[in-house]
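In my numbering, the protein residues as written are 2 to 275. Please read the structure below before turning to the comments.
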Ligand SMILES: C[S@@+](CC[C@H](N)C(=O)[O-])C[C@H]1O[C@@H](n2cnc3c(N)ncnc32)[C@H](O)[C@@H]1O
């Protein structure tokens, strides 16, 4: 057998152990970035081979927690891709306002900046109190950070710029208090948000949503898993519900392409057909 095939086999053994023991399935993650992250972890923790790491992970739950964090890229920001929020405000909000009540799901919310951005937008449009927002991720450490709503002050200049470009109608500083080198988002923004651990690769849907945002998550999955997760979203949306993806993700050429209308291809906003 060629070395490359043996190498692949060893990686599959490692992923089998992670799945069987800890319930996290990484088999269908995009191969190149998966390998990059696993080998980065092996370098940091001085493992020479996939099988050495697999052997340690068999018994060492603490090491698994650290491994899991490395497997999850939590880069995010408030009003990331501000033009997306502008488009959402202009194209989707007027439609949503006709509903008495809406449910929004942020899947893969990382440390929560995206979720608070949406809460601010809904507040400015006068219907945060008519919304229930579910914010989920499989990284519990990121979720705990999201629950605090506390962020590094060094990012705030960028967030203010994003907020203004996103069509914010007030000033971002209305929504946080500053202390030392951190800012804390105001508690009223959290009132309608439920944070929960949810693994898109193995867990089930959250029920009838009006809006699902899953931005900059599908890029880490291979085609199979992307299709599986997109079907989960399709089945979790109510008729005419909206799906929002990240700037490098699209429904084009996926198995659910025909189940959605394009609302704004540039900013990756789609609507489920009825
Ligand atoms: C790059 S962040 C994106 C954060 C935010 N949505 C944004 O666009 O700024 C990707 C997030 O996806 C989460 N993620 C990766 N695989 C996941 C899975 N199988 N289930 C749930 N979350 C996952 C990671 O933990 C990480 O927090």
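Virtual Cβ for every residue (Gly too), placed ideally from N, Cα, C.
When the Cα atoms are used, what is the spatial distance from residue i to residue j?
i: residue 24; j: residue 16; result: 10 Å
i: residue 156; j: residue 146; result: 15 Å
i: residue 150; j: residue 12; result: 37 Å
i: residue 244; j: residue 121; result: 19 Å
i: residue 272; j: residue 181; result: 43 Å
i: residue 242; j: residue 152; result: 31 Å
i: residue 171; j: residue 165; result: 9 Å
i: residue 48; j: residue 56; result: 10 Å
i: residue 111; j: residue 143; result: 5 Å
i: residue 225; j: residue 29; result: 7 Å
i: residue 148; j: residue 196; result: 7 Å
i: residue 77; j: residue 175; result: 21 Å
i: residue 4; j: residue 61; result: 28 Å
i: residue 257; j: residue 263; result: 12 Å
i: residue 70; j: residue 116; result: 20 Å
So, with DSSP's three-state summary, where would you put residue i?
i: residue 180; result: strand
i: residue 37; result: helix
i: residue 195; result: strand
i: residue 59; result: helix
i: residue 89; result: helix
i: residue 220; result: helix
i: residue 252; result: coil
i: residue 119; result: helix
i: residue 149; result: helix
i: residue 1; result: The chain is shown from 2 up to 275; residue 1 falls before or after that span and cannot be answered.
i: residue 129; result: helix
Please report the Cβ distance between residue i and residue j, rounded to the nearest whole angstrom; I am assuming they are in contact, meaning their Cβ atoms lie under 8 Å.
i: residue 270; j: residue 139; result: The pair is not a contact, with the Cβ atoms about 25 Å apart (cut-off 8 Å).
i: residue 274; j: residue 261; result: 6 Å
i: residue 42; j: residue 58; result: Their Cβ separation, rounded to whole angstroms, is 10 Å, which puts residue 42 and residue 58 out of contact at 8 Å.
i: residue 228; j: residue 255; result: 6 Å
Residue i: beta carbon under 7 Å from a heavy atom of ligand 1?
i: residue 139; result: yes
i: residue 111; result: yes
i: residue 75; result: yes
i: residue 187; result: no
i: residue 24; result: no
i: residue 29; result: no
i: residue 240; result: no
i: residue 247; result: yes
i: residue 199; result: yes
i: residue 212; result: no
i: residue 102; result: no
i: residue 221; result: yes
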